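Peer 1:
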Amino acid sequence: MQKIYKLRKYFLVLSCIVLLSTGAATFRDSDLEKEQEIRDYFSALEDKHRAIIDTNAIFLTPSVCKGCHGKDPMGIANVDLQGTDINLFDDWEASMMGLSAKDPLWLAKVSHESLVNPAHAEGLQNLCTSCHAPMGHYTAFYRGGQPYTLAQLQTDSLGLSGVGCLGCHAIGADGLGSMFSGQIPYDTNHVAYGPFTNPMQGPMQLYTNITPMYSPHVSEGRFCSPCHTLISHAVDLEGNLTGVDFVEQATFQEWVNSAFPEQGKTC
């Protein structure tokens, strides 16, 4: 009887071991399946992300920035201490910069000047788009596709973004204050300059291939000089160049010669 009891005890222990082993194996298999499911999900997400975002592009459309710098539906990020939404994207989208390439008055004026001076139409449009649609204009420039005209603008999402996020934040420091009329010294090394020291770089690098960097030049008046000084070449009534340069806008020079620089007030 004692022998039978010992055998029963032995088989019971053995059965428990088998059951536990099977359960552990089942758990491990289930765990591996879940892990693979998660991997597949994020792999598909990355493929979708790559399809949407050309991480090799010099400029990205502002909609790419909206994910982090836009309105947070949960009301956690991009809000003030009272919980009021203060996201950057919505402010930009409705601003003069956000609408600079879609402004009907600007489009009408450029079209009118092109009709009046057809021989200079491409040059006029190329000049005007350098500031009103800088990301589209300079993408065409770097790829050898200039002049960049209104016709090209109408089918270009980058151009239609107007002065988008990287239209300003990718401007380098070299030559600022002495480069005007749409001559913008872009840094093409996939960087985004900002006024905040030690920015968290990882998320932006991961999702956009753009590295956020601190630089004091973005807070200086000369940062605005490439577009806010416009000097154009004058023509006579027959459309012939006169050799005279005409200052259409001198906002930057007006600031330089004002009392504001000494007061520490920039643009």
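Residues 57 to 323, numbered by my numbering, are exactly what the sequence shown covers, in order. For every residue, glycine included, the Cβ atom is placed at its ideal position computed from N, Cα and C. This structure is a prediction, so every number in the text was calculated from the model and none was measured.
1) Secondary structure at residue 318, three-state DSSP: helix, strand or coil?
2) How would you write the range of the beta strand (DSSP E) that residue 137 sits in, first residue to last?
3) Determine the closest residue to residue 160 out of 270, 206, 311 and 249, with distance taken between C-alpha atoms.
4) Tell me, which residues are paired with residue 267 by DSSP?
5) If contacts are defined as beta-carbon pairs under 8 Å, then residue 226 and residue 247 qualify, I think. What distance do you get, rounded to the angstrom?
6) Any chance you could list the alpha helix (DSSP H) runs of at least 4 consecutive residues sitting entirely within the stretch 266-310, in chain order?
7) Please classify residue 242: does DSSP put it in a helix, a strand, or coil?
8) With a CB to CB cut of under 7 Å and the five nearest residues on each side skipped, what residues in its chain are close to residue 117?
9) For residue 259, collect the residues of the same chain with a Cβ closer than 8 Å to its Cβ; drop the 5 residues on either side in sequence, then sort them by chain order.
10) From what residue to what residue does the alpha helix (DSSP H) around residue 176 run?
11) Are residue 281 and residue 304 close, meaning C-beta to C-beta below 8 Å?
12) What's the C-alpha gap between residue 195 and residue 115?
13) Three or more C-beta pairs under 8 Å: does that hold for the stretch 296-316 against the stretch 250-259?
14) Tell me, please, which residues DSSP counts as bridged to residue 142.
15) Looking only at its chain, what residues have a beta carbon closer than 8 Å to the beta carbon of residue 309, apart from the 5 residues adjacent to it on each side?
16) With a CB to CB cut of under 6 Å and the five nearest residues on each side skipped, what residues in its chain are close to residue 290?
17) From residue 269 to residue 261, what distance separates their C-alpha atoms?
18) Taking buried to mean at least 16 other C-beta atoms within 10 Å of its own C-beta, is residue 193 buried or exposed?
19) Exposed or buried, residue 185, counting other C-beta atoms within 10 Å across all chains shown (16 or more means buried)?
Peer 2: The answer reads as follows:
1) By 1-based counting over the sequence shown, the position of residue 318 is 262. For residue 318, the secondary structure class from DSSP, reduced to helix, strand or coil, is helix.
2) Taking the first residue of the sequence shown as position 1, residue 137 is located at position 81. Counting along the chain, residue 137 falls outside any beta strand (DSSP E), and DSSP gives it neither H nor E.
3) Within the sequence shown, numbered from 1, the residue matching residue 160 stands at position 104. It is 206.
4) Stepping through the sequence shown from its first residue, residue 267 is reached at position 211. DSSP, once it has assigned bridges, lists 247 as partnering residue 267.
5) The residue given as residue 226 occupies position 170 in the sequence shown. The residue given as residue 247 occupies position 191 in the sequence shown. Between residue 247 and residue 226 the Cβ distance is about 7 Å, and since that is below 8 Å, they are a contact.
6) none
7) Looking up residue 242 in the sequence shown gives position 186. Of the three classes helix, strand and coil, the one that applies to residue 242 here is strand, per DSSP.
8) As a working note, residue 117 is residue 61 in the sequence shown. Contacts found: 213, 214, 217 and 220.
9) Sequence index remark: in the sequence shown, residue 259 carries index 203 (1-based). So the list reads 124, once near-sequence residues are dropped.
10) To locate residue 176, count along the sequence shown from 1; it is residue 120. Run containing residue 176: none; DSSP gives neither H nor E here.
11) The residue you call residue 281 lines up with position 225 of the sequence shown. The residue you call residue 304 lines up with position 248 of the sequence shown. Cβ distance not < 8 Å, so residue 281 and residue 304 don't count as in contact.
12) To locate residue 195, count along the sequence shown from 1; it is residue 139. To locate residue 115, count along the sequence shown from 1; it is residue 59. C-alpha separation (whole angstroms): 8 Å.
13) no
14) Position 86 of the sequence shown, counted from the first residue, corresponds to residue 142. Answer is none; residue 142 lacks a bridge partner.
15) As a working note, residue 309 is residue 253 in the sequence shown. The answer, listed in chain order, is 285.
16) On the sequence shown, residue 290 is found 234 positions in, with the first residue counted as 1. Closer than 6 Å at the Cβ level, and outside the excluded window around residue 290, lie 298, 300 and 302.
17) Here residue 269 is taken as the residue at index 213 of the sequence shown, counted from 1. Here residue 261 is taken as the residue at index 205 of the sequence shown, counted from 1. C-alpha separation (whole angstroms): 11 Å.
18) Residue 193 sits at position 137 when you count from the first residue of the sequence shown. Buried.
19) Here residue 185 corresponds to residue number 129 of the sequence shown, with the count starting at 1. Per the 10 Å Cβ criterion, buried.
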